[in-house]
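Visitor: For what it's worth, our numbering labels the leading residue of the sequence shown as -19, then goes sequentially.
Cβ atoms here follow ideal geometry from the backbone N, Cα and C, with glycine treated the same way.
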Amino acid sequence: MSESVETTRKSVKTYLPEYQKDEWKSHAEALGMSQSEFVRTMVQAGRNGFEPANEEPDSGNADPRGNDLESRVLELLSADTYSWEELLEAVSDDIEARLEETLSELQNENRIRYSGRHGGYTVIEETDGD
């Protein structure tokens, strides 16, 4: 196992107003997530928003948001040696955060919604007013 990556899970405790906890709980339920998963995902998404953009030359297969997998893997491996499992865990956190952010944006734009009845996300059909 890599010396620089600790994979043991630890808990973090925070205090917030009851109304905010209720809002987070409702949002987590709407997304089909546990409260812990919701908070972890939101923190990661927020942290991603504060990272400076990489000023690297464009490559043909780069992600338009600048978070491509190749760059992330090279960044990790430049600091240490990782096993397959360690790399997978390190990059899957990024993917979860990006997926959550994308789903949130699409819901805010009323392009998709979470359907409890259907057990997942669905596209909101546009109606033409005719």
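For G100, does the three-state DSSP call read helix, strand or coil?
Guide: If you number the sequence shown from 1, residue 100 lands on position 120. If DSSP states are grouped into helix, strand and coil, G100 belongs with the strands.
Visitor: For R93, which residues from the same chain have a beta carbon less than 8 Å from its beta carbon, with the 5 sequence-adjacent residues on both sides left out?
Guide: Counted from its first residue, the sequence shown places residue 93 at position 113. Excluding sequence neighbours, R93 sits near Q87, Y101, T102 and I104.
Visitor: Evaluate the contact criterion for the stretch 60 to 79 versus the stretch 9 to 28: three or more CB pairs, one atom per stretch, below 8 Å.
Guide: Yes, since at least three Cβ pairs between the stretch 60 to 79 and the stretch 9 to 28 fall closer than 8 Å, the two stretches touch.
Visitor: Check each candidate in R97, G12 and R20 and name the one with the smallest Cα separation from E(-6).
Guide: Counting from 1 along the sequence shown, the entry for residue -6 is found at position 14. Residue identity check: residue -6 is Thr in the sequence provided, not Glu. The shortest Cα separation from T(-6) among R97, G12 and R20 belongs to R20.
Visitor: Across which residues does DSSP place R93 in a beta bridge pair?
Guide: Counting from one through the sequence shown, the residue named residue 93 turns up at place 113. DSSP, once it has assigned bridges, lists T102 as partnering R93.
Visitor: State the Cα-Cα distance for the pair S(-18) and V(-8), rounded to the nearest angstrom.
Guide: Stepping through the sequence shown from its first residue, residue -18 is reached at position 2. Stepping through the sequence shown from its first residue, residue -8 is reached at position 12. Unreliable positioning characterises S(-18) in this predicted model, as indicated by a pLDDT of 48, which lies under 50. The coordinate reading is nonetheless provided below. Whole-angstrom Cα-Cα distance: 23 Å.
Visitor: In chain order, what residues of the same chain lie with their CB nearer than 6 Å to the CB of A70, ignoring the 5 residues before and after it?
Guide: Within the sequence shown, the letter at position 90 stands for residue 70. Within the same chain, A70 has close Cβ partners L56.
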